[in-house]
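Enquirer: Before I ask anything, let me first share the structure, which is written out below as structure tokens.
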Amino acid sequence: MKVKKERAQLVTALGDIKPAIPRKGDDDMIRKVIFTGHDIAGYGEDMIMVVPYETDFATVAPSEEIAQMLQRVTATQFTLSFNAQNQIVMEAVKEADPEKNTRKTTMKTVLKTNPDSHLIEELTTGLLAEIATAEWYELSEDDCFGEAIKRCMYSASKDGTQPELACVHIAGAIVASSDDYRVSRYVLPYEFAGDVLIKAETCIQMSRFVFTRYAITNTWVLFLTADNKLLASRLLFLEYGDLDQFLDFTGTDYPLPDKLAEHVEHVALMSAGDHDIEKEITVTLEAAKVTLKAEREVGFAEIEIEADLAITDPVSFTVNPTFFAAMLTGTDDVVNIGADKAVFEIGDYFKHLVSLTVV
Numbered sequence: 007m008k009v010k011k012e013r014a015q016l017v018t019a020l021g022d023i024k025p026a027i028p029r030k031g032d033d034d035m036i037r038k039v040i041f042t043g044h045d046i047a048g049y050g051e052d053m054i055m056v057v058p059y060e061t062d063f064a065t066v067a068p069s070e071e072i073a074q075m076l077q078r079v080t081a082t083q084f085t086l087s088f089n090a091q092n093q094i095v096m097e098a099v100k101e102a103d104p105e106k107n108t109r110k111t112t113m114k115t116v117l118k119t120n121p122d123s124h125l126i127e128e129l130t131t132g133l134l135a136e137i138a139t140a141e142w143y144e145l146s147e148d149d150c151f152g153e154a155i156k157r158c159m160y161s162a163s164k165d166g167t168q169p170e171l172a173c174v175h176i177a178g179a180i181v182a183s184s185d186d187y188r189v190s191r192y193v194l195p196y197e198f199a200g201d202v203l204i205k206a207e208t209c210i211q212m213s214r215f216v217f218t219r220y221a222i223t224n225t226w227v228l229f230l231t232a233d234n235k236l237l238a239s240r241l242l243f244l245e246y247g248d249l250d251q252f253l254d255f256t257g258t259d260y261p262l263p264d265k266l267a268e269h270v271e272h273v274a275l276m277s278a279g280d281h282d283i284e285k286e287i288t289v290t291l292e293a294a295k296v297t298l299k300a301e302r303e304v305g306f307a308e309i310e311i312e313a314d315l316a317i318t319d320p321v322s323f324t325v326n327p328t329f330f331a332a333m334l335t336g337t338d339d340v341v342n343i344g345a346d347k348a349v350f351e352i353g354d355y356f357k358h359l360v361s362l363t364v365v
């Protein structure tokens with residue numbers, strides 16, 4: 007049966023699930039989109055994303071080809087159907103326009119799929135079945151949980167040799183991360199019902215949504231939006247150390263220059279990295295100035311701002327500019343500097359510690 011669909015709806019759904027679609031690993035799983043009849047999903051080893059999308063068929067299709075089909079069908083609406091040859095058929099009609107002297111045109115794109123894929127059953131009888139029996143908890147309406155994830159994901163390690171540090175740790179009211187060079191800790195106004203590790207890559211996807219509920223099963227920690235978009239992060243059974251010991255130190259408060267966040271945003275335009283979370287700038291603190299520097303192969307950008315830090319030796323650290331600018335916007339305009347580290351704070355709920363290098 008041909009079902010009329012809005013192009014924008016499928017474009018949005020594919021964009022939502024794209025980060026969960028594996029690009030390496032099992033050939034049966036990589037670059038695949040799952041249609042369940044009620045949802046569309048990306049299914050990875052560590053993350054699954056499921057978005058409501060009604061169809062009258064269940065099958066698995068190659069994700070890149072689905073995207074190409076949408077590029078060819080530029081009409082705002084199209085019909086979607088499934089034929090006896092296990093093919094998805096996307097058809098769009100553009101009516102004749104006498105004023106523009108154009109004739110009626112029909113565009114049809116056909117894509118072979120696999121309705122017998124094991125992924126459909128694994129998703130529907132596995133994860134989606136767990137949802138029905140899971141105990142769900144509410145998240146606060148002000149989305150402080152989402153803020154905690156965004157603030158902590160930048161400090162997770164990019165070194166795969168310590169898998170636990172490549173995650174954000176959530177335990178009770180504490181959301182935290184560290185790469186052995188920096189520490190971020192966010193205190194929630196409530197207790198999270200569990201102790202879980204979520205990979206930083208998954209946190210990046212989580213930061214795109216506002217989740218209103220969560221649940222923890224034997225295999226997954228589940229997050230659900232108000233419009234029933236589901237993100238599942240596989241539970242990781244790894245030990246995570248106590249980070250409070252690193253944050254417990256006494257230094258000296260120094261005032262930060264005015265509009266430092268704006269300067270960070272400006273210099274960040276020259277920072278290297280294909281993705282936001284990969285970008286870094288170098289911040290150098292001296293007695294009378296703060297220097298921000300970003301560089302890549304084609305050149306660099308540097309900004310010097312007068313300051314009154316009164317520190318003896320110049321010190322520096324690297325930091326993600328997006329994270330740093332957002333943090334500076336919320337701080338009390340001071341930095342606490344000790345012997346070999348500095349701490350930035352937002353109220354009594356967020357701390358970011360960074361190790362300092364003597365210049």
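Position one of the sequence shown corresponds to residue 7 (our numbering), numbered consecutively onward. All residues carry an ideal CB built from backbone N, CA and C; glycine is no exception.
In chain order, which continuous runs of the alpha helix (DSSP H) of length 4 or greater are located wholly inside the stretch 46 to 117?
Expert: 69 to 78
Enquirer: Thinking C-beta only, is Tyr-160 closer than 7 Å to Tyr-220?
Expert: The Cβ-Cβ distance between Tyr-220 and Tyr-160 does not fall below 7 Å.
Enquirer: Which residue or residues does DSSP assign as beta-bridge partners of Leu-359?
Expert: Paired residue(s): Val-189, Val-349.
Enquirer: Quick check: the Cα distance between Asn-234 and Thr-85, rounded to an integer number of angstroms?
Expert: 24 Å
Enquirer: Let me know the secondary structure DSSP gives Ala-140 once reduced to three states.
Expert: coil
Enquirer: Runs of 3 residues minimum, wholly inside the stretch 148 to 196: which ones carry the beta strand (DSSP E) assignment?
Expert: For secondary structure counted as the beta strand (DSSP E) over 3 or more consecutive residues, the stretch 148 to 196 holds these complete runs in sequence order: 173 to 184.
Enquirer: Among Leu-16, Glu-141, Lys-156, whose alpha-carbon lies nearest the alpha-carbon of Thr-82?
Expert: Leu-16
Enquirer: Excluding five sequence neighbours on each side, which residues of the same chain lie with their C-beta closer than 8 Å to the C-beta of Asp-354?
Expert: Val-193
Enquirer: Between the C-alpha atoms of Val-360 and Thr-258, what's the straight-line distance to the nearest angstrom?
Expert: 15 Å
Enquirer: Please check the pair Ile-40 and Ala-47, which I expect to be a contact at CB under 8 Å, by giving their CB distance rounded to whole angstroms.
Expert: 4 Å
Enquirer: Use the C-beta contact count for Lys-265: other C-beta atoms within 10 angstroms, 16 or more gives buried, fewer gives exposed.
Expert: exposed
Enquirer: Using the rule of at least 16 other Cβ atoms within 10 Å of the residue's Cβ for burial, across every protein chain shown, is Asn-89 buried or exposed?
Expert: It is exposed - the Cβ of Asn-89 has fewer than 16 other Cβ atoms within 10 Å.
Enquirer: Can you tell which of Lys-347, His-358, Lys-357, Phe-356 has the C-alpha that lies nearest to the C-alpha of Val-364?
Expert: Lys-347
Enquirer: Quick check: what's the CA-CA separation for Ala-26 versus Leu-275?
Expert: 28 Å
Enquirer: Have a look at Trp-226 and Asp-314 and give me their C-alpha separation to the nearest angstrom.
Expert: 49 Å
Enquirer: Go through its chain and collect everything with a Cβ distance to Glu-271's Cβ below 8 Å, but skip five positions before and after it.
Expert: Pro-327, Ala-331
Enquirer: Establish whether the CB of Ser-69 and some CB of chain D are separated by less than 7 Å.
Expert: Here chain D cannot be found, since the structure has a single protein chain.
Enquirer: Using the Cα positions of Leu-358 and Ile-137, report the straight-line distance between them to the nearest angstrom.
Expert: Residue identity differs from the one stated: residue 358 is His in this sequence, not Leu. So the alpha carbons of these two residues sit roughly 35 Å apart.
Enquirer: Assuming contact is defined by CB atoms lying nearer than 7 Å, are Glu-284 and Pro-320 in contact in what I supplied?
Expert: The criterion of a C-beta distance shorter than 7 Å is not satisfied by Glu-284 and Pro-320.
Enquirer: Assuming Phe-243 and Leu-237 are in contact, meaning their beta carbons sit under 8 Å apart, how far apart are those beta carbons, in whole angstroms?
Expert: About 20 Å; that fails the 8 Å criterion.
Enquirer: What number of angstroms, rounded off, separates the C-alpha of Arg-157 from the C-alpha of Glu-197?
Expert: 18 Å
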